[in-house]
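One structure below.
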Amino acid sequence: MFGQLSSSNKEKRKDGVYLNYICILFFVAYGMVSLDASSVSYISDVIMKELGISVSQYSVLSSSIWCTKAFSSIALGVIADRIGKRRVLLGPLLIIAGILSILTAFANGFYLILVYRLLCGCCIGASLSMMVSIVKKSIVQNDFGARSGFISCGSAVISSTLGPLILAFLVLSFSWRGSFLFTGGVLLLIGALIQLTVKEVSYPIIKTPEKGNTFFSSLRVLLSNRTFVLCLLIGVFETAGKMYLTIFGPVYLTDICMANTERKGTILSIMGLIYIPVSLIVPMLADRLKAHRVMAVVFAICSLAPLSMVLFPGKTLSVFFLMILGNWAASTVSLFIYVIPGKVLPPELSGSANGIIMGVSVFCGGFLCPMVFGEILSHGYGFGLVSLVCVLVFVICVVLSLLIGYRKGGKEW
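Positions 7 to 419 (this note's numbering) are the ones given, in order, by the sequence shown.
Have a look at this one:
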């Protein structure tokens, strides 16, 4: 009996070590995916000057990757549900994304870079969803929220904190092309590691109905769920507000606050550094409190960043609020995409649900909204008007979060 107990404890320790390993690997992977996707924004002043592009063209270039990422999130989520696997998709797609980023470094001209960015978006659409799904199947104890939050924190540490400094160094030492060589090379390596060292997981496969289309059958089930619809709407508005601060925050610092490349990189790095504990604490609070209320509080705090840009344009106070609160909205992503829908939806629909929320959010909030914001700014309306719209976006997120109150038996969970 004691031998069996000892063997069981060894297996648990072994599973725990493996779980920690894949969480760290996915932490780095998601951080590099986020850094590569945001690289155009971080080197905005250099790339706009060298390529001679306008603000509206910059908004297209910086948001293009989010367009194809949106559609691939939905497509890859559906494919993952159909085959019941995750790693078989994740590793090769990250390898291809790395190759495309390396090719971007050798591109000349706006349109060729745009093509590579669009293709790269096709590869990273469901990357976070697949990482979280692999971790969920490997969980040893009830800490899924904390684990998913840790993986999401990779974006804060690598993309938001270290990324601006690393890319600023590469730009100043070499050129903007060095940025894509760096992100592409690391993505290539990480994709290979995932393919070689991460165990495959199996999810229930959706049985194909005798009549009708499986995707639309799943979509009808999802859209009939009130919580899913609210999470979908939150995703759209959260992404719109977040992308405004991510894409146009650096432009605001350069054009309105007159920050040079080094100062802008420092401010963005401090913004990411401050976000690190937030990205860990928010999911942990959601494990212990009601997730939708945690989201409502976070979104209310987030609204202060664009509000300061309206009230104190170009002033130190607006830079302070942008630096402190500019990344907070991203801490809610794991809640409205994975944690809350996971409580109310069947597991065989998890991939489709995650992919649809991510895809629609990224397309509407991450691609269309930045295009609209860019057009407004290019027509001379200024940051004040767009920042005010961003405040309204976060207020809507607060209201939608409070409306979730996902219920079971007439009571809040």
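Ideal placement from N, C-alpha and C gives every residue a C-beta, glycine not left out.
- Message: List, from N- to C-terminal side, the alpha helix (DSSP H) runs of 4 residues or more that fit wholly inside the stretch 26–80.
- Response: Whole alpha helix (DSSP H) segments, 4+ residues: 50–57.
- Query: Is Ser-230 helix, strand or coil when you go by DSSP?
  - Reply: coil
- Task: Inspect the beta-carbon positions of Leu-195 and Ser-185 and report whether they are closer than 8 angstroms.
- Result: no
- Message: Can you check which of these residues, Gly-388, Ser-384, Val-163, is closest to Ile-59 by C-alpha distance?
- Response: Ser-384
- Query: When you compare only the Cα positions, how much space is there between Ile-28 and Thr-167?
  - Reply: 22 angstroms
- Message: Rounding to the nearest angstrom, what Cα-Cα distance links Arg-226 and Pro-353 in this structure?
- Response: If I take the Cα positions, the gap works out to 16 angstroms.
- Task: Taking only the alpha-carbon atoms, compute the straight-line gap between Phe-327 and Tyr-209 and give it to the nearest angstrom.
- Result: Spanning the two alpha carbons is a distance of roughly 43 angstroms.
- Message: Given a cut-off of 8 angstroms on the beta-carbon distance, is the pair Ser-154 and Val-138 in contact?
- Response: Going by C-beta atoms, Ser-154 is nearer than 8 angstroms to Val-138.
- Query: Counting pairs of Cβ atoms below 8 angstroms between the stretch 260–277 and the stretch 286–305, do you hit three or more?
  - Reply: no
- Contacts around Ile-330, its chain only, beta-carbon distance under 7 angstroms, and the 5 residues preceding and following it disregarded: The beta carbon of Ile-330 sits closer than 7 angstroms to the beta carbons of Ile-280 from its chain, once the five residues preceding and following it are set aside; these are given in chain order.
- Look at Leu-99 and Ile-85 and say whether their C-beta atoms are less than 8 angstroms apart. no
- Indicate whether Gly-190 and Asn-360 have their beta-carbon atoms separated by less than 8 angstroms. no
- Specify, as a first and last residue, the run of the alpha helix (DSSP H) that Lys-349 falls within. In the DSSP assignment, Lys-349 falls within the alpha helix (DSSP H) that extends over 346–350.
- Item | Distance between Ala-35 and Lys-205 (C-alpha atoms, nearest Å) | 16 angstroms
- Query: Can you name the start and end residues of the alpha helix (DSSP H) that Cys-128 belongs to?
  - Reply: 116–130
- Message: Using only the alpha-carbon positions, how far apart do Val-303 and Val-401 sit?
- Response: Going by the C-alpha atoms only, they are around 10 angstroms apart.
- DSSP on Glu-206, reduced to helix/strand/coil? The three-state secondary structure of Glu-206, taken from DSSP, is coil.
- How far does the alpha helix (DSSP H) with Cys-403 in it reach, from first residue to last? Unbroken alpha helix (DSSP H) run through Cys-403: 388–410.
- Task: Check each candidate in Ile-164, Val-163, Arg-93, Ser-181 and name the one with the smallest Cα separation from Gln-201.
- Result: Arg-93
- Helix, strand or coil for Phe-156, going by three-state DSSP, please let me know. helix
- Short Cβ contact (8 angstroms threshold) for Phe-33 with Phe-156: yes
- Inter-residue Cα distance where the pair is Ala-336 and Ser-158: 8 angstroms
- N- and C-terminal bounds of the alpha helix (DSSP H) containing Phe-305: Taken as a continuous stretch (DSSP letters only), the alpha helix (DSSP H) holding Phe-305 covers 297–308.
- Could you name the residues of the same chain whose beta carbon sits closer than 6 angstroms to that of Ser-40, not counting the 5 residues immediately before and after it, in chain order? Ser-161, Ser-165
- Spatial distance of Phe-2 from Val-339 (CA atoms): Because the chain is modelled from 7 through 419, residue 2 falls outside the range shown and cannot be assessed.
- Item | Proximal residues to Leu-31 (C-beta, below 8 angstroms), its chain only, five neighbours per side dropped | Excluding sequence neighbours, Leu-31 sits near Ile-196, Leu-199, Ile-200, Thr-203, Val-204.
- Query: Count the other CB atoms within 10 Å of the CB of Thr-252; is the residue buried (16 or more) or exposed (fewer)?
  - Reply: buried
- Buried or exposed (CB count within 10 angstroms, at least 16 for buried), Gly-115: exposed
- Task: Using beta-carbon positions only, say whether Ala-111 and Leu-193 come within less than 8 angstroms of one another.
- Result: No. Outside cutoff.
- Query: Would you call Tyr-258 buried or exposed, if buried means 16 or more other Cβ atoms sit within 10 Å of its Cβ?
  - Reply: buried
- On a CA-only basis, which of Ile-108, Ile-130, Tyr-64, Asp-42 is nearest Phe-77? Give me that one, please. Comparing Cα positions, the closest option is Ile-130.
- Query: In three-state terms, what does DSSP make of Gly-361?
  - Reply: helix
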